[in-house]
Amino acid sequence: MVQSQAKDVDGYLAEVPEERKVALTRLRELCRAELQGFTEVMAYGMPVYERDGIGEIAFASQKQYISFYLMRSDVREAFAEQLAGHDMGKGCLRFRRPEKIDFALLRDLLRATAAQPGKIC
């Protein structure tokens, strides 16, 4: 997906390929449930979850995969063992197929992020 021009996350989800829509909608619901006190915004063409105006979590439908951006280095370090073996960039997890998304792991990462503020990479 080329960078979205959607004004809100509903518009973003309306643009994603049908085969990814269910997984991305589920991911959004998980973010909204676990990130109490965060604000859902569109930034850099993707859904971002901010605390006090600072993006800590985001996700995107990329050409080859779904990306889950975890911008908290402390949370990544705390979950290093659980993240080992996953396709990762510096601050993102990549899932090539929607059915391979580990929602339990993402829930745990979201809960750890929400528990307290921390340093953004």
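Residue numbers (our numbering): 43 to 163.
All C-beta atoms in this analysis are idealised placements derived from N, C-alpha and C, irrespective of residue type, glycine included.
Legend entry - C-beta atoms of Phe101 and Met88 nearer than 8 angstroms: Cβ distance < 8 angstroms, so Phe101 and Met88 count as in contact.
Inset, instruction - Please say whether Leu152 and Glu76 have beta carbons closer to each other than 8 angstroms? - result: yes
Inset, instruction - Classify Ala126 as helix, strand or coil using the three-state DSSP reduction. - result: Note: Ala126 maps to coil in three-state DSSP.
Legend entry - Cys163 burial status per 10 Å Cβ neighbour count (16 or more: buried): exposed
Inset, instruction - Have a look at Arg68 and Lys142 and give me their C-alpha separation to the nearest angstrom. - result: 13 angstroms
Inset, instruction - Have a look at Gln78 and Lys105 and give me their C-alpha separation to the nearest angstrom. - result: Each residue's alpha carbon lies about 30 angstroms from the other.
Inset, instruction - Ignore the nearest five residues each way along the sequence and tell me which others in Leu72's own chain have a CB closer than 7 angstroms to its CB. - result: Leaving aside the five residues that flank Leu72 on each side, the residues in its chain whose CB is nearer than 7 angstroms to its CB run, in chain order, Phe145, Leu148, Arg149 and Leu152.
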